[in-house]
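Peer 1: Would you mind keeping the following structure in view while I ask a few things?
2 protein chains.
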Amino acid sequence: MARPREFDETAAVEKAMHAFWEHGYEATSTQDLCDATGLGRSSVYNTFTSKRALFGRSLAHYTSTQLDKRQAILDGPGTAAERLTAVLDSAIEDDLEEHRRGCLVVNTLAELGVPDDEVGAALQADTDRNLAMFAECVREGVLDGSLRDGLDPADVAEYLLSTTSGLRVMARRGTSRDRMHAVADIALSAIVAR
Amino acid sequence: MARPREFDETAAVEKAMHAFWEHGYEATSTQDLCDATGLGRSSVYNTFTSKRALFGRSLAHYTSTQLDKRQAILDGPGTAAERLTAVLDSAIEDDLEEHRRGCLVVNTLAELGVPDDEVGAALQADTDRNLAMFAECVREGVLDGSLRDGLDPADVAEYLLSTTSGLRVMARRGTSRDRMHAVADIALSAIVAR
DNA sequence: CCAGTTTTGAACTGATCGATACACAATCTG
DNA sequence: CAGATTGTGTATCGATCAGTTCAAAACTGG
């Protein structure tokens with residue numbers, strides 16, 4: 166083609182993601198996005214079409230990173246119960262760093278719901294992948310004996326996703342690390358083998 | 166004094182609350198508030214000072230209503246475990262009606278965090294009152310034998326608030342009523358007496 | 001009916017919103 | 001180097017933002 170880009174597209178998406186994460190979708194102006202990415206307006210619109218589309222890209226980047234991290238923990242060593250504990254601990258640590266901005270997915274769900282566009286599609290995909298990952302781990306846990314017998318993997322997956330979502334809201338309320346760990350302990354006690 | 170108001174202030178706050186609830190704080194314009202309340206701009210600003218202050222009033226009205234409703238259930242008949250079940254069921258029903266707009270408190274926490282103003286104060290007050298109500302019920306449950314021995318009321322209160330917050334996020338994800346009830350069942354199974 | 005007080009409606013403020021137009025710079029292919 | 005193509009910077013678009021101004025309207029106590 167012709168003139169090449171003077172910036173890295175993925176790096177720009179990442180910087181935009183942090184801007185959206187910090188202030189939310191509506192409260193982040195296109196000027197904020199230019200400032201955050203270091204790009205001019207033309208470059209932003211030429212590359213990403215619209216604020217909405219850039220948000221979609223940012224959200225997809227966020228969910229991809231987050232899900233990969235979670236998958237890595239669930240694919241790691243230990244019993245299913247231990248791995249689920251590690252997932253909750255990791256979620257709590259994520260919530261506490263980064264100026265307590267919470268989780269971009271939860272924040273977006275709260276602000277926009279599941280809109281009928283690429284943003285909603287990214288949110289739905291995130292929900293589905295989380296549920297699939299959790300359900301698979303629950304099945305493993307029933308087999309390895311670390312989780313209780315008779316658990317419904319789909320229901321428990323929904324329970325675990327609800328639990329992590331709840332923890333992320335608690336983080337925004339200002340709950341302390343110790344309390345969040347106590348909450349996670351109680352939550353897991355409902356499903357670990359006795 | 167002089168010329169009387171042509172509208173009911175509380176009714177106006179309630180209408181404004183629904184507008185904020187439906188679209189979020191940032192996405193609700195002052196024009197939207199005029200339309201929703203049926204008031205002119207002058208009346209809105211003369212009565213409520215600013216969009217932010219009206220949001221604070223709307224949020225306080227919401228939390229007050231919600232907390233009173235929850236308190237009524239917790240003050241009702243039945244064991245503590247039964248009353249907590251009723252609270253979660255009520256929260257689920259609330260989440261499902263009203264076009265799945267979720268919970269105004271959770272939505273606001275996600276969008277704004279806990280800002281250093283009247284809005285943040287309303288959010289903090291809501292958190293504190295919820296925790297106090299739950300903790301008291303947990304104490305009663307340990308005494309009446311419907312909840313497990315040795316539970317820490319403060320931790321379990323935080324757990325219950327986290328659970329309801331998580332359910333409200335799940336509602337925004339589009340989770341079905343049956344699944345939400347299944348999640349609530351699992352959540353309660355962690356603390357009910359065996 | 002009148003002075004005093006408050007509410008109300010309409011017009012309007014400067015600022016900012018998301019997005020575009022367009023000239024020009026920078027690179028590619030030939 | 002020529003011509004095509006794409007990226008970038010600046011200036012700007014109309015719309016909308018939250019909030020103000022101001023005079024007419026509607027009430028009060030006297």
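Keeping their order, the protein sequence lines are chains A and B.
Plus 165 on top of the position in the first sequence (first one is 1) and you've got the working numbering.
Plus 165 on top of the position in the second sequence (first one is 1) and you've got the working numbering.
Ideal Cβ positions, reconstructed from N, Cα and C, are used throughout, including at glycine.
When you compare the CB of Leu249/A with every CB in chain B, is at least one pair closer than 8 Å?
Peer 2: Residue mapping note: residue 249/A aligns to position 84 of the first sequence, counting from 1. False, the Cβ-Cβ gap to chain B never drops below 8 Å.
Peer 1: With 8 Å as the threshold, decide whether the Cβ of Thr228/A is near any Cβ in chain B.
Peer 2: Along the first sequence, one-based indexing puts residue 228/A at 63. With 8 Å as the cut-off, Thr228/A does not count as an interface residue toward chain B.
Peer 1: Buried or exposed: Pro280/B, going by 16 or more other Cβ atoms within 10 Å of its Cβ?
Peer 2: Residue mapping note: residue 280/B aligns to position 115 of the second sequence, counting from 1. That one is exposed.
Peer 1: Could you name the residues of the same chain whose beta carbon sits closer than 7 Å to that of Leu261/A, not counting the 5 residues immediately before and after it, in chain order?
Peer 2: Stepping through the first sequence from its first residue, residue 261/A is reached at position 96. If we look at Leu261/A and ignore the five residues flanking it on each side, its Cβ neighbours are Ala336 and Arg342.
Peer 1: Report yes or no: is there a C-beta of chain A within less than 8 Å of the C-beta of Lys335/B?
Peer 2: The residue given as residue 335/B occupies position 170 in the second sequence. Contrary to the premise, residue 335/B reads as Met rather than Lys in this sequence. Output row for Met335/B: interface = yes.
Peer 1: Note the first and the last residue of the continuous alpha helix (DSSP H) segment covering Gly306/B.
Peer 2: Within the second sequence, the letter at position 141 stands for residue 306/B. It spans Glu283 to Asp309 - the alpha helix (DSSP H) in which Gly306/B sits, taken as one unbroken run.
Peer 1: Leaving out the 5 sequence neighbours to the left and right, which residues in its chain are closer than 7 Å to Ala184/B when beta-carbon positions are compared?
Peer 2: In the second sequence, the residue the question calls residue 184/B occupies position 19. Closer than 7 Å at Cβ, skipping near neighbours: Thr193, Asp197, Leu198 and Ala201.
Peer 1: Please look up how many angstroms separate the CB atoms of Ala349/A and Ile257/A, rounded, as I've assumed it's under 8 Å.
Peer 2: Numbered from its first residue, the first sequence carries residue 349/A at position 184. Numbered from its first residue, the first sequence carries residue 257/A at position 92. Correct: roughly 6 Å between the Cβ atoms.
Peer 1: My output table needs one value for Val348/A: the three-state DSSP class, helix, strand or coil.
Peer 2: In the first sequence, residue 348/A corresponds to position 183, counting from 1. Residue state, collapsed to three classes: helix.
Peer 1: How many whole angstroms separate the CB atoms of Arg313/A and Ile356/A, which I take to be in contact at a CB cut-off of 8 Å?
Peer 2: Position 148 of the first sequence, counted from the first residue, corresponds to residue 313/A. Position 191 of the first sequence, counted from the first residue, corresponds to residue 356/A. The Cβ separation is near 6 Å, so the contact holds.
Peer 1: Using beta-carbon positions only, say whether Glu276/B and Gly189/B come within less than 8 Å of one another.
Peer 2: Translated into the one-based positions of the second sequence, residue 276/B becomes position 111. Translated into the one-based positions of the second sequence, residue 189/B becomes position 24. In this structure, Gly189/B lies closer than 8 Å to Glu276/B by Cβ.
Peer 1: Please confirm whether Glu191/A has its beta-carbon closer than 8 Å to some beta-carbon of chain B.
Peer 2: As a working mapping, residue 191/A is identified with position 26 in the first sequence. Cβ-Cβ to chain B under 8 Å: yes for Glu191/A.
Peer 1: Contact defined as beta carbons within less than 8 Å: I believe Val271/B pairs with Val334/B. What is the distance between those atoms, to the nearest angstrom?
Peer 2: Numbered from its first residue, the second sequence carries residue 271/B at position 106. Numbered from its first residue, the second sequence carries residue 334/B at position 169. Confirmed, Cβ separation roughly 7 Å.
Peer 1: Mind checking which residues open and close the alpha helix (DSSP H) that includes Tyr324/A?
Peer 2: For this step, residue 324/A is matched to residue 159 along the first sequence. Segment Pro318 to Arg338, the alpha helix (DSSP H) holding Tyr324/A.
Peer 1: Run through DSSP, which three-state label would Val391/A get?
Peer 2: No answer is possible for residue 391/A: the residues shown for chain A start at 166 and end at 359.
Peer 1: For Arg248/A, which residues of its own chain have a beta-carbon under 7 Å away from its beta-carbon, when the five flanking residues on both sides are left out?
Peer 2: Start at 1 with the first residue of the first sequence, and residue 248/A comes out as number 83. Closer than 7 Å at Cβ, skipping near neighbours: Ile238, Leu239, Gly241 and Cys302.
Peer 1: Using the DSSP secondary-structure output, state which residues sit across from Val279/B in a beta bridge.
Peer 2: Looking up residue 279/B in the second sequence gives position 114. Looking at the DSSP assignment, Val279/B forms no beta bridge with any residue, so it has no partner.
Peer 1: Just the Cα atoms here: how many angstroms apart are Gln289/A and Arg338/B?
Peer 2: Reading the first sequence from its first residue, position 124 is the one you call residue 289/A. Reading the second sequence from its first residue, position 173 is the one you call residue 338/B. About 7 Å.
Peer 1: Helix, strand or coil: which one does DSSP assign to Leu198/A?
Peer 2: As a position in the first sequence, residue 198/A is number 33, starting the count at 1. DSSP places Leu198/A in helix when its eight states are reduced to three.
Peer 1: Which residue wins for smallest C-alpha separation from Ala225/A, given the options Leu316/A, Trp186/A and Thr195/A?
Peer 2: Reading the first sequence from its first residue, position 60 is the one you call residue 225/A. With distances taken between Cα atoms, Ala225/A lies closest to Trp186/A.
Peer 1: Could you tell me the distance, in whole angstroms, from the CA atom of Leu332/A to the CA atom of Gly267/B?
Peer 2: Residue mapping note: residue 332/A aligns to position 167 of the first sequence, counting from 1. Residue mapping note: residue 267/B aligns to position 102 of the second sequence, counting from 1. Each residue's alpha carbon lies about 17 Å from the other.
Peer 1: Name the DSSP bridge partner or partners of Leu312/B?
Peer 2: Counted from its first residue, the second sequence places residue 312/B at position 147. Val357/B, per the DSSP bridge assignment.
Peer 1: Check the Cβ-Cβ distances between Asp320/B and every residue of chain A, and say whether any is below 8 Å.
Peer 2: Along the second sequence, one-based indexing puts residue 320/B at 155. Asp320/B counts as touching chain A.
Peer 1: Along the chain, where does the alpha helix (DSSP H) containing Thr228/B start, and where does it finish?
Peer 2: Looking up residue 228/B in the second sequence gives position 63. First-last of the alpha helix (DSSP H) with Thr228/B: Lys216 to Leu239.
Peer 1: On the premise that Thr214/B lies in contact with Arg206/B, defined as a C-beta separation below 8 Å, what is that separation, rounded to the nearest angstrom?
Peer 2: Counting from 1 along the second sequence, the entry for residue 206/B is found at position 41. Counting from 1 along the second sequence, the entry for residue 214/B is found at position 49. Actually they do not touch by this definition, with Cβ atoms about 13 Å apart.
Peer 1: So Gly221/B packs on Glu283/B, CB below 8 Å; how close in whole Å?
Peer 2: As a position in the second sequence, residue 221/B is number 56, starting the count at 1. As a position in the second sequence, residue 283/B is number 118, starting the count at 1. That pair is a contact at about 4 Å.
Peer 1: Between which two residues does the alpha helix (DSSP H) carrying Ser207/A extend?
Peer 2: Counting from 1 along the first sequence, the entry for residue 207/A is found at position 42. First-last of the alpha helix (DSSP H) with Ser207/A: Arg206 to Phe213.
Peer 1: Is Gly310/A closer than 8 Å to Ala358/A when the C-beta atoms are compared?
Peer 2: As a working mapping, residue 358/A is identified with position 193 in the first sequence. As a working mapping, residue 310/A is identified with position 145 in the first sequence. Result yes, Cβ atoms of Ala358/A and Gly310/A sit closer than 8 Å.
Peer 1: I'd like the span of the alpha helix (DSSP H) that includes Phe185/A, first residue to last.
Peer 2: For the purposes of this step, residue 185/A is taken as the residue at position 20 of the first sequence. Its alpha helix (DSSP H) spans residues Glu174 to His188.
Peer 1: What's the C-alpha gap between His346/A and Asp254/A?
Peer 2: Here residue 346/A refers to the residue found at position 181 when the first sequence is read from its first residue. Here residue 254/A refers to the residue found at position 89 when the first sequence is read from its first residue. Rounded to the nearest angstrom, the two C-alpha atoms are 7 Å apart.
Peer 1: By the three-class DSSP mapping on this structure, what secondary structure does Arg170/B have?
Peer 2: Position 5 of the second sequence holds residue 170/B. The answer is coil: DSSP assigns Arg170/B none of H, G, I, E or B.
Peer 1: If we count the other Cβ atoms within 10 Å of its Cβ and call it buried at 16 or more, is Thr230/B buried or exposed?
Peer 2: Counting from 1 along the second sequence, the entry for residue 230/B is found at position 65. By the neighbour-count rule (16 or more Cβ atoms within 10 Å), Thr230/B is not buried but exposed.
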